[in-house]
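Single-structure report; data block below.
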Amino acid sequence: MEWSAFSEFLRVQLQELLGTELNQVRFTDIGMTYWLSMSLGLVLLVTLTRVWLIPQRHHRLHSGHLIEQRFRRGALGLGFYHLPKALWALALLLLFVAMADPYLTSTEEVAGEMESRIRIDLVDTSLSMAWELPGTGKSRAQVAREAHLRFLEMRREKNDRVSLWLFSSFPYMVDDFVVDDELYYFQVMDSPYAIVRILAAQSGTPIDQMFVPQDKVRIIDSEGNTNIIRALQSVLKHFDSDAALLSAGAAPHRAVLIVTDADVDEIPEAEFAELSRRNIVPYMIFINAEDPARTSNRPRPAFGGPVGNTQGLIEMIRAFGGDYFDVTDSDGLARAYEAIDEAETVAMELSHRAVRVPIFPRFLLVSIALLVVGIPAGFITELLWGTHP
Numbered sequence: 349m350e351w352s353a354f355s356e357f358l359r360v361q362l363q364e365l366l367g368t369e370l371n372q373v374r375f376t377d378i379g380m381t382y383w384l385s386m387s388l389g390l391v392l393l394v395t396l397t398r399v400w401l402i403p404q405r406h407h408r409l410h411s412g413h414l415i416e417q418r419f420r421r422g423a424l425g426l427g428f429y430h431l432p433k434a435l436w437a438l439a440l441l442l443l444f445v446a447m448a449d450p451y452l453t454s455t456e457e458v459a460g461e462m463e464s465r466i467r468i469d470l471v472d473t474s475l476s477m478a479w480e481l482p483g484t485g486k487s488r489a490q491v492a493r494e495a496h497l498r499f500l501e502m503r504r505e506k507n508d509r510v511s512l513w514l515f516s517s518f519p520y521m522v523d524d525f526v527v528d529d530e531l532y533y534f535q536v537m538d539s540p541y542a543i544v545r546i547l548a549a550q551s552g553t554p555i556d557q558m559f560v561p562q563d564k565v566r567i568i569d570s571e572g573n574t575n576i577i578r579a580l581q582s583v584l585k586h587f588d589s590d591a592a593l594l595s596a597g598a599a600p601h602r603a604v605l606i607v608t609d610a611d612v613d614e615i616p617e618a619e620f621a622e623l624s625r626r627n628i629v630p631y632m633i634f635i636n637a638e639d640p641a642r643t644s645n646r647p648r649p650a651f652g653g654p655v656g657n658t659q660g661l662i663e664m665i666r667a668f669g670g671d672y673f674d675v676t677d678s679d680g681l682a683r684a685y686e687a688i689d690e691a692e693t694v695a696m697e698l699s700h701r702a703v704r705v706p707i708f709p710r711f712l713l714v715s716i717a718l719l720v721v722g723i724p725a726g727f728i729t730e731l732l733w734g735t736h737p
């Protein structure tokens with residue numbers, strides 16, 4: 349390859365890499381890259397420690413003679429001498445990124461119709477979800493998110509048309525109905541664990557002492573409790589507006605999946621009745637925060653009674669044809685999958701879908717090109733500005 353062709357190839361690859369929106373990049377397997385980088389860092393640390401602590405044999409720092417300035421390596425020469433090392437380090441960094449298999453999700457327009465199951469996922473992000481799930485060392489929100497993502501993996505390629513909503517004191521729609529499995533999976537994965545006030549007023553515990561990372565918390569002054577009534581009212585309106593767009597005549601069969609620890613303020617009996625009237629079946633992925641050893645002898649609370657709303661919410665869901673699925677039960681998510689899979693499908697027009705676009709060649713090719721330039725340059729700079737007889 350001639351130098352002009354190689355430089356043009358390198359320029360094109362650099363333009364593609366610099367044009368990549370890094371905040372949209374996802375990784376398939378970042379674990380191996382993490383451990384390899386840690387191993388390399390450990391090797392470099394040991395090497396530097398050995399060079400610093402153990403004196404080199406047959407080596408003297410200075411000959412004892414005064415070296416004229418014209419024979420010394422100046423600032424420019426020092427820069428050229430270390431430039432190949434910088435190229436090598438950058439090439440290694442890009443190689444590690446390529447090993448993590450980065451990719452982007454894009455959307456392409458398609459036309460046609462498909463049979464789909466319509467569902468809204470309503471995720472609890474209240475203050476109680478930031479507390480620890482006993483015996484796990486994780487927050488209830490993290491356990492809920494992991495269960496939700498496993499459920500989505502089970503539903504992959506089932507043509508679900510889903511809208512993601514979060515709720516605490518107020519409901520928030522993350523996105524309208526989508527049929528893109530990849531896109532929706534990352535919407536769920538990136539959404540916050542908790543939407544709360546600055547301080548947990550109920551327990552006096554600051555946010556930084558909760559079992560949620562800072563980047564998974566959204567601070568809104570009016571938030572903190574669990575108002576499922578307001579959330580379901582908004583979900584009902586969204587279902588109604590979507591049904592008007594579908595114009596399917598008879599009310600289609602739909603579902604609402606509630607991901608929560610069931611620590612709600614009130615039981616939404618009227619809202620469940622409206623869901624039933626619209627052929628919308630409620631299901632719940634239940635984050636059971638109770639310790640069975642401590643609650644086995646506790647009296648069973650009355651339906652919606654003052655002892656607690658957890659059992660009341662469960663019984664209300666069952667009363668309107670739905671069910672709950674405890675994540676502590678190994679078969680819970682499978683039963684949730686089967687229950688939603690049994691729902692009737694709805695014909696809908698498909699307008700777009702997400703496509704996974706691998707981009708590891710952008711990082712890999714630039715890394716190889718830097719090595720092709722950096723290794724010969726290292727030999728040349730060592731001859732020109734290195735230490736030699």
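So in my numbering, the last one in the sequence shown is 737, and the numbering has no gaps at all. From the three backbone atoms N, C-alpha and C, an ideal C-beta is built for every residue, glycine too.
- The residue among 495, 685, 723, 711 with its C-alpha nearest the C-alpha of residue 363 is 711.
- The beta carbon of residue 606 sits closer than 6 Å to those of 470, 632, all from its chain and outside the five residues before and after it, given in chain order.
- Going by C-alpha positions, residue 388 is about 14 Å away from residue 397.
- Our two residues, residue 688 and residue 360, have alpha carbons roughly 48 Å apart in a direct line.
- If you keep only unbroken alpha helix (DSSP H) runs of at least 4 residues inside the region 480-531, you get 488-502.
- Per DSSP, residue 478 lies in no alpha helix (DSSP H) segment and is marked neither H nor E.
- Residue range 708-733 is occupied by the alpha helix (DSSP H) that includes residue 711.
- Only exposed fits residue 537, as fewer than 16 other CB atoms lie within 10 angstroms of its CB.
- Proximity to residue 581 across 566, 496, 619, 400 peaks at 619, based on C-alpha coordinates.
- Cα atoms of residue 628 and residue 539: separation of roughly 25 Å, rounded to the nearest angstrom.
- For residue 439, no beta strand (DSSP E) segment is defined; the enclosing uninterrupted segment is the alpha helix (DSSP H) at 423-447.
- Around the beta carbon of residue 450, 16 or more other beta carbons lie within 10 angstroms, which makes this residue buried.
- For residue 658, no beta strand (DSSP E) run applies; the uninterrupted alpha helix (DSSP H) run containing it begins and ends at 658-667, by DSSP.
- Distance from the CA of residue 492 to the CA of residue 610, rounded to the nearest whole angstrom, comes to 12 Å.
- Within the region 587-624, complete beta strand (DSSP E) segments of at least 3 residues are found at 602-608, given in chain order.
- In the three-state DSSP reduction, residue 541 falls in the coil class, being neither helix nor strand.
- Counted as a single uninterrupted DSSP element, the stretch harbouring residue 626 is not any beta strand (DSSP E), since DSSP gives it neither H nor E.
- Taken through DSSP and simplified to helix, strand or coil, residue 563 comes out as helix.
- Shown here, residue 569 sits in coil according to DSSP, grouped into three states, outside any helix or strand.
- Only buried fits residue 665, as 16 or more other CB atoms lie within 10 angstroms of its CB.
- For residue 671, the enclosing beta strand (DSSP E) begins and ends at 671-674.
- DSSP places residue 689 in the helix class (H, G or I) of the three-state scheme.
- In the DSSP assignment, residue 379 falls within the unbroken alpha helix (DSSP H) covering 379-401.
- The alpha-carbon of residue 425 is positioned some 17 Å away from that of residue 723.
- Per the C-alpha coordinates, the member of 615, 505, 524, 543 positioned closest to residue 589 is 524.
- By the CB criterion at 7 Å, residue 452 and residue 372 fall inside the cutoff.
- With fewer than 16 other Cβ atoms inside 10 Å of its own Cβ, residue 394 counts as exposed.
- Non-local beta-carbon contacts of residue 568 in its own chain, meaning distances under 7 Å to residues more than five positions away in sequence, involve 543 in chain order.
- A direct Cα-Cα distance of roughly 59 Å separates residue 734 from residue 488.
- Checking the DSSP bridge columns, you'll see residue 582 has no partner listed.
- Comparing C-alpha distances from residue 726 to each of 717, 504, 431 shows the shortest one belongs to 431.
- Taking 7 Å as the cut-off, the beta carbon of residue 571 is found no closer than this to the beta carbon of residue 624.
- Residue pairing by DSSP places residue 468 opposite 511, 604 in a beta bridge.
- Of the candidates 706, 667, 522, the residue whose Cα lies closest to the Cα of residue 622 is 667.
- Rounded to the nearest whole angstrom, the CA to CA distance from residue 612 to residue 635 is 13 Å.
- Excluding its 5 nearest sequence neighbours in each direction, residue 541 has C-beta neighbours in its own chain below 6 Å: 489, 560, 564, listed in chain order.
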